[in-house]
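Residue numbers (our numbering): 168 to 326.
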C-alpha cells in the first residue's frame, strides 16, 4: 500500500491535465479520486490498525512493533489527505507554498524525532511522524483557506 502511486497521480498528472484539457475535466477526476483514495486509505488504515498483530506475526515477528504499526497506520490516511490538498494547490500554481509547508514539516519531524526518539524509541518516532502529518494537513488546509480553495474541493466532490 505504497503512497507513491497516489502521490504521483495527484502531484504530477492532475496539474498537467488541468493545463492540457481544461480545469473542468481535471477537477471532476480529482474529486472522484479524492473520494476513492481517501476511502481506500481509511480502509487500509483500519486494516493495518486492527491487523497489526497478525501483520507483524507474519512478517517481522517482533511483537513490540505492533504499537508502532498502529500509530503509523493513522499517518497513512493523513498522508493521503495531504496529497490531495497538495494536488489542489499545485493545480493553482502554488508550488512554492507547498514547498515551504513541506520544509516546515521536515523541520518539525526532525525536531520531534530528536525529542521523542531518545525517550520512547520507535514508538516516539512513529508518534513524531503521525503528528507531523497532522500538522502538515493543518498547514495545507490553512493555505487552501487563504487562497479560497476549500470551495474548489467541495465543488470537485459535487457537494
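Don't be surprised by glycine CBs; every beta carbon is placed ideally from N, CA and C.
C-alpha distance - residue i paired with residue j, whole-angstrom precision
{"i": "residue 188", "j": "residue 258", "result": "In this prediction, residue 188 has a pLDDT of 44, which is less than 50 and means its spatial position is unreliable; nothing more can be read from the coordinates."}
{"i": "residue 275", "j": "residue 299", "result": "6 Å"}
{"i": "residue 249", "j": "residue 285", "result": "28 Å"}
{"i": "residue 317", "j": "residue 222", "result": "37 Å"}
{"i": "residue 261", "j": "residue 254", "result": "10 Å"}
{"i": "residue 226", "j": "residue 204", "result": "26 Å"}
{"i": "residue 233", "j": "residue 302", "result": "24 Å"}
{"i": "residue 278", "j": "residue 309", "result": "22 Å"}
{"i": "residue 228", "j": "residue 266", "result": "38 Å"}
{"i": "residue 224", "j": "residue 210", "result": "20 Å"}
Presumed contact (8 Å Cβ cut-off) between residue i and residue j, rounded CB distance
{"i": "residue 304", "j": "residue 291", "result": "Going by Cβ atoms, the distance from residue 304 to residue 291 rounds to 21 Å, so no, they are not a contact pair."}
{"i": "residue 208", "j": "residue 247", "result": "4 Å"}
Nearest neighbour of residue i, chosen from the options [CA to CA]
{"i": "residue 311", "options": "271, 232, 275 and 252", "result": "252"}
{"i": "residue 213", "options": "227, 225, 245 and 269", "result": "245"}
{"i": "residue 280", "options": "215, 254, 297 and 315", "result": "297"}
{"i": "residue 241", "options": "267, 216, 269 and 287", "result": "216"}
{"i": "residue 315", "options": "230, 256, 287 and 211", "result": "256"}
{"i": "residue 289", "options": "210, 204, 230 and 221", "result": "230"}
{"i": "residue 206", "options": "243, 254, 302 and 273", "result": "243"}
{"i": "residue 235", "options": "225, 287, 302 and 211", "result": "287"}
{"i": "residue 313", "options": "278, 204, 301 and 264", "result": "264"}
Beta-carbon proximity check, residue i vs residue j, cutoff 7 Å
{"i": "residue 238", "j": "residue 294", "result": "yes"}
{"i": "residue 307", "j": "residue 268", "result": "yes"}
Residue i, enclosing alpha helix (DSSP H) - first and last residue
{"i": "residue 278", "result": "262-287"}
{"i": "residue 244", "result": "232-258"}
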